[in-house]
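Trainee:
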Amino acid sequence: MAENQAVCQCLNCNRPETIIPLVSLRYAGRPAWICSQCLPMLIHQPDRLAGKLAGAEELAPAPPLSS
Ligand SMILES: [Zn+2]
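Numbering (this note's numbering), first residue to last: 660 to 726.
1. For ligand 3, which residues have a Cβ under 5 Å from at least one heavy atom, in chain order?
2. Give the DSSP-derived three-state secondary structure of Ile702 in the structure shown.
3. Using only the alpha-carbon positions, how far apart do Lys711 and Ser726 sit?
4. Just confirm the distance between the C-beta atoms of Pro705 and Leu718, as a whole number of angstroms; I'd bet it's less than 8 Å.
5. Answer yes or no: do Leu708 and Leu684 have a C-beta to C-beta separation smaller than 9 Å?
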């Protein structure tokens, strides 16, 4: 996949900022972007991002919200 400096893409689904809101994040000293639809996966199922976000397999999922 070619690196495109002009348009940021979701690290999970690769959708560009031109069609979906992207949230900027930093992890392990590296910047990354994730879209609003993939953000819950980063929070609750970060292991599913292994191979897409470096070190994601080390992240512990957030506990479910109590209501
Ligand atoms: Zn996404």
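We treat Cβ as the ideally placed atom computed from N, Cα and C, and that holds for glycine.
Mentor: On the basis of the coordinates in this document:
1. As for ligand 3, it is missing from this structure, which binds only ligand 1.
2. In the sequence shown, counting from the first residue as 1, residue 702 sits at position 43. In the three-state reduction of the DSSP assignment, Ile702 falls in the helix class.
3. For the purposes of this step, residue 711 is taken as the residue at position 52 of the sequence shown. For the purposes of this step, residue 726 is taken as the residue at position 67 of the sequence shown. Here the alpha carbons of Ser726 and Lys711 stand approximately 32 Å from one another.
4. Counted from its first residue, the sequence shown places residue 705 at position 46. Counted from its first residue, the sequence shown places residue 718 at position 59. 4 Å between Cβ atoms; contact.
5. Within the sequence shown, the letter at position 49 stands for residue 708. Within the sequence shown, the letter at position 25 stands for residue 684. With a cutoff of 9 Å on beta-carbon distance, Leu708 and Leu684 are scored as not near each other.
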